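In the working numbering, the protein residues as written are 1333 to 1644.
What follows is the structure, given as structure tokens:
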């Protein structure tokens, strides 16, 4: 007879852990705001008269900190209590989105102020991202990580289906400030939930921070598959940000019904993410990375449709 330890894990195994449920709740709450945020951010720029250049600057200020500080974020996540990093990072993001919502609502927003708020949010994300990955590894046994990730993404991707549509309606009816304010509230709620997460602080290595950075870079560069995949991913993300996140809202404002239709387009994308999550719950390919690379090619489809001027 099989013992409990020998029984295969079920889809609900991670959900039996209180810490995982709290972690999952924080992710879900934050996702309800983050699903609206890109659309609201784009139309906050468009509302104050900005074009593709202004929107490009705002997106760059959101993205660059993630690139610059991501390695440092990993080092700090290995040294400081991850729950504290997650709390402070979400609190910073809440403050940034709150300030942005107020400036947009009062008509005081400029491209520079929107970009600065984006810089703060991007900096927060560069530290919370590695901390969240490390926290999940502390909460869930390694053999359950894939299923735990799928369980995390299932409700998040479901929100991404409805969020852009809701965001488009909110922006069209009440302006970008309403959606940005909701995003700020969800970050604050997530921060409170994560503050109650009790995780042991990582055991710091005797080496200093700079030594850890050098060791991390050496480990990264010594793995050819890792740096080549990262380089390819950098090109892919840059093309996606420029073609979809930057030109998409501008194209929707010029050729479609603006925020409402752009929300529908983003919701369609989220439906694909949700379908992929459901597949990941069941399918465990032997060459996961190869499958991910091949699947990334599908990102060219919406860009091609936009380039050809296909109907909504």
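Quick reminder that beta carbons are idealized off the backbone N, C-alpha and C, glycines included.
In this text the structure is predicted, and so the values were computed from the model without any measurement.
Between the Cα of residue 1523 and the Cα atoms of 1405, 1632, 1415, which residue gives the shortest distance? 1415
Meets three-Cβ-pair contact criterion under 8 Å: the region 1366 to 1383 and the region 1507 to 1524: yes
Rounded to a whole number of angstroms, what is the C-alpha to C-alpha distance between residue 1483 and residue 1525? 18 Å
Rounded to whole angstroms, what is the Cα-Cα separation between residue 1359 and residue 1491? 11 Å
DSSP state of residue 1354, grouped into three classes? helix
Would you kindly check if the distance between the Cβ of residue 1592 and the Cβ of residue 1528 is under 8 Å? no
Would you decide whether residue 1493 is buried or exposed? Buried here means 16 or more other CB atoms lie within 10 Å of its CB. buried
Please work out which residues of its chain come closer than 7 Å, Cβ to Cβ, to residue 1531, disregarding the five sequence neighbours upstream and downstream, and give them in chain order. 1413, 1414, 1415, 1467, 1470
With a floor of 4 residues, list each alpha helix (DSSP H) that falls wholly inside the region 1600 to 1635, ordered by position along the chain. 1620 to 1628
What would DSSP say about residue 1567, mapped onto helix, strand or coil? helix
Using C-beta distances below 6 Å, list every residue in its chain close to residue 1575, excluding the 5 sequence neighbours before and after it, in chain order. 1635
Is the region 1593 to 1601 touching the region 1370 to 1387, taking contact as three or more C-beta pairs under 8 Å? yes
Three-state secondary structure assigned by DSSP to residue 1441: coil
My guess is that residue 1417 and residue 1463 are in contact by the Cβ rule of under 8 Å, so how many angstroms apart are they, rounded? 4 Å
Given 8 Å as the limit, is there contact between the region 1444 to 1455 and the region 1383 to 1399, that is, 3 or more CB pairs closer than that? yes
What does the Cβ neighbour count give for residue 1542, buried or exposed, with the cut at 16 atoms within 10 Å? exposed
Could you round the C-beta distance between residue 1435 and residue 1377 to whole angstroms and report it? I think they count as a contact, below 8 Å. Not confirmed; about 12 Å, so no contact.
So the alpha helix (DSSP H) residue 1477 belongs to, where does it begin and stop? 1477 to 1506
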